[in-house]
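Reading through the structure tokens given below for one structure.
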Amino acid sequence: MEMSVYEVWVCLENHPCALHPVDTYFCWVFNEMTQSWVPFGENVDLKLVHVIPRPSECVGYVNISHCAVNISMTADNAFELFVNGVYLGYEDNCNFCHTWKSQYLVYDYTVNIDVIDGEREMVVAAKIIDWPGGLTGLIGTFGGVPTSASANWKCATFPGDVPPRGWTARSFNDSQWSQAVQTFPDSRFLQRPLDKQASWIASPTYNLRYFCRGVIKNPEAVCTQNVKQKVQPYEIQLNDLV
Ligand SMILES: [Ca+2]
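Following our numbering, the numbering of the sequence shown begins with 587 at its first residue and continues without gaps.
Written as structure tokens, this is what we have:
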């Protein structure tokens with residue numbers, strides 16, 4: 587491929603050589619032979635930069651509420667818990683490793699989530715560490731939403747028990763993970779009862795270490811603030827490409 591003399595252009599906003607009241611870009615091209623910038627002209631004529639007028643009504647706003655969500659859960663036997671990628675803690679129920687008669691401790695957390703324009707959703711991620719015998723799985727309520735073997739809960743195992751990077755993040759793609767299965771239908775073994783609908787769930791591929799993710803839509807929450815936050819719109823397009 588042979589380069590031409592002019593390969594690159596650039597336009598500067600609010601340049602004094604641009605006389606148009608709205609389109610204030612003035613543009614140059616770079617002379618590859620002389621290695622110097624050459625005035626090209628006003629953008630209002632060249633139309634290299636597509637200028638979108640920015641009157642105040644073009645500025646967007648979103649409503650952001652800061653909300654607290656309560657979680658009560660436990661697992662057989664130990665677990666690490668994350669919400670929206672944030673680590674909440676590690677708990678170990680191994681006092682009850684080898685018996686069904688015991689009462690599992692229930693662990694309580696309160697997490698803060700941002701609700702944008704009323705869309706209230708959080709992603710729970712848990713690493714389950716099991717020991718042979720008794721149950722396996724996790725059970726709980728997340729913002730009042732009980733665990734269930736539904737499409738909202740997915741689990742997976744990995745070689746060496748090493749999950750993919752970012753597996754706790756809300757944006758992680760878990761479409762290849764399997765839907766969780768129920769391992770016991772209610773919370774009778776817990777130290778205190780949870781929602782009657784809550785059931786123990788686990789990975790369908792049994793392993794002593796596995797990873798589960800739950801998408802919790804519209805959890806109950808206490809929201810203390812509702813802030814209108816400015817969102818900058820796209821201001822320019824280059825050659826009609828955003
Ligand atoms: Ca177990």
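C-beta: ideal position from N, C-alpha, C; glycine also.
Straight-line spacing of the CA atoms in PRO790 and VAL767 works out to 6 Å. Residue range 629 to 632 is occupied by the alpha helix (DSSP H) that includes LEU632.
Residue LYS713 holds the alpha-carbon nearest to the alpha-carbon of ASP678 among ILE657, LYS713, ASN656. For PHE665, the pairing in a beta bridge is given by DSSP as GLU677, ILE714.
According to DSSP, GLU707 shares a beta bridge with LYS803. Secondary structure note for GLY726: its beta strand (DSSP E) is the uninterrupted segment 723 to 728. Taking 7 Å as the cut-off, the C-beta of TRP717 counts as close to a heavy atom of ligand 1. Taking 8 Å as the upper bound for CB-CB distance, VAL808 and CYS653 are in contact here, some 7 Å apart. Exclusion of the five residues before and after ASN617 leaves VAL591, TYR592, VAL624 as the residues of its chain whose Cβ lies within less than 7 Å of its Cβ.
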